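So the structure is just underneath, and the comments pick up after that.
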Amino acid sequence: MAVALSTLVEEADRYLNSARIADYCPNGLQVEGRPQVMRIVSGVTASQALLDAAVEAQADLVLVHHGYFWKGENPCITGMKQRRLKTLLKHDISLLSYHLPLDLHPDVGNNVQLARQLDITVEGPLDPDNLKVVGLVGSLSEPMTPRDFARRVQEVMGREPLLVEGSEMIRRVGWCTGGGQGYIDQAVLAGVDLYISGEASEQTFHSARENDISFIAAGHHATERYGVQALGDYLARRFALEHIFIDCPNPI
């Protein structure tokens with residue numbers, strides 16, 4: 001079956017409530033392709049590798065978490081940006097991108113989906129007094145040592161995470177996928193035993209050490225693979241479309 005591109009975009013915008021979420025980039029349809037959609041290819045980032053794979057898969061639409069046109073970037077269509085846009089336009093493929101709306105969503109969101117992968121029970125926002133903080137807090141069904149939990153992360157993510165090991169057993173967890181390492185201070189205030197993010201900064205180590213909590217950096221790309229898959233599956237079910245998730249590995 002096929003669905004009108006406009007209908008699919010309208011449903012995705014509604015489902016993610018994207019119009020109400022301030023962001024660093026435009027959410028929704030970033031590049032318009034053919035007017036009918038039968039096959040969706042999803043991936044984390046609209047890289048050239050993903051676009052080339054989408055062309056090979058004969059996609060009508062590419063769905064990503066990291067799209068284009070970020071605030072503060074050079075607006076000129078040259079170099080890498082020109083090649084990416086040329087690929088989409090030449091093959092009449094649409095680009096649909098959701099950043100913070102996909103982090104925040106209570107069902108298909110990156111943070112909720114990561115919790116499901118790691119068997120964490122979601123309890124609420126990381127900072128209830130500041131909803132701009134995207135992260136969540138939750139708990140494990142049984143306490144684990146930091147190293148045992150890191151092994152769980154490795155099994156799920158398929159890559160060894162960076163672990164800063166604290167002295168406490170892991171019961172209460174805070175997390176924010178991607179580049180959310182800066183929320184470690186809110187995690188400390190929330191009383192967690194472990195904070196998880198995709199990336200780490202130099203000061204993250206000291207915050208974890210001096211507050212005696214464990215910290216795991218599991219990879220920006222790796223922690224954000226699950227939301228876009230879940231959104232693609234939702235849209236495929238909603239409109240009886242074909243959906244293919246393509247993982248273009250990124251060690252960062």
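Heads up: the sequence shown at position 82 corresponds to 82 in full-length UniProt numbering, and the numbers run straight through without jumps.
Note that the Cβ used here is the ideal one computed from N, Cα and C, for glycine as well.
Just so it is clear, the structure is predicted and the values come from calculations on it, not from any experiment.
For this session: To the nearest angstrom, report how far apart G67 and G43 are at their CA atoms.
Result: G43 has its alpha-carbon roughly 10 Å from the corresponding atom of G67.
Exercise. At which residues does the alpha helix (DSSP H) containing G166 begin and terminate?
Worked result: Segment: none, G166 is in no alpha helix (DSSP H) and carries neither H nor E.
Exercise. Between C248, Q82 and D148, which lies nearest to V31 when the distance is taken from Cα to Cα?
Worked result: Closest by alpha carbon: Q82.
For this session: Enumerate in chain order the residues of its own chain whose CB-to-CB distance from M1 is below 6 Å, with the five nearest sequence positions on each side excluded.
Result: Result list for M1: A240, in chain order.
Problem set entry | Buried versus exposed call for W175 [16 or more other C-beta atoms within 10 Å across all chains shown] | By the neighbour-count rule (16 or more Cβ atoms within 10 Å), W175 is buried.
For this session: Identify the continuous beta strand (DSSP E) that holds V156 and give its terminal residues.
Result: No beta strand (DSSP E) holds V156; the alpha helix (DSSP H) holding it covers P146 to M157.
For this session: Take every Cβ of the region 1-10, pair it with every Cβ of the region 69-80, and state whether three or more of those distances are shorter than 8 Å.
Result: Short answer: they don't touch.
Problem set entry | Other residues of its chain near L16: CB distance less than 6 Å, five sequence neighbours each side excluded | If we look at L16 and ignore the five residues flanking it on each side, its Cβ neighbours are Y98, P101 and H105.
Problem set entry | Rounded separation between A236 and M157 - CA only | One C-alpha to the other measures close to 24 Å.
Exercise. Mind checking whether V228 and V55 have CB atoms under 8 Å apart?
Worked result: No, these two residues do not count as a Cβ contact at 8 Å.
For this session: Would you mind sorting E210 into buried or exposed? The rule is 16 or more other CB atoms within 10 Å of its CB.
Result: E210 is exposed by the Cβ-count criterion.
Exercise. What is the DSSP secondary structure of I184, counted as helix, strand or coil?
Worked result: Residue state, collapsed to three classes: helix.
Exercise. For G219, which three-state DSSP category applies?
Worked result: Assigned with DSSP and collapsed to three states, G219 falls in coil, not helix or strand.
Exercise. Per the contact definition of three or more C-beta pairs closer than 8 Å, is the region 33-49 in contact with the region 118-127?
Worked result: Contact fails: fewer than three Cβ-Cβ distances are below 8 Å.
For this session: Measure the beta-carbon distance from N111 to L136 and round it to whole angstroms, keeping in mind my assumption that it falls under 8 Å.
Result: Between N111 and L136, the beta carbon gap of about 5 Å places them in contact (Cβ cut-off 8 Å).
Exercise. Hey, T177 and E123: beta-carbon distance below 8 Å or not?
Worked result: Cβ atoms of T177 and E123: not closer than 8 Å.
Exercise. Taking the alpha-carbon positions, what's the E160 to A4 distance?
Worked result: C-alpha separation (whole angstroms): 42 Å.
Exercise. Is the region 44-53 close to the region 242-251, with three or more CB pairs under 8 Å?
Worked result: Because the criterion of three Cβ pairs below 8 Å is met, the region 44-53 and the region 242-251 touch.
Problem set entry | Where the beta strand (DSSP E) containing P125 begins and where it ends | Residues T121 to P125.
Exercise. Using the C-alpha atoms, what's the distance from H243 back to D233?
Worked result: Approximately 7 Å between the Cα atoms of the pair.
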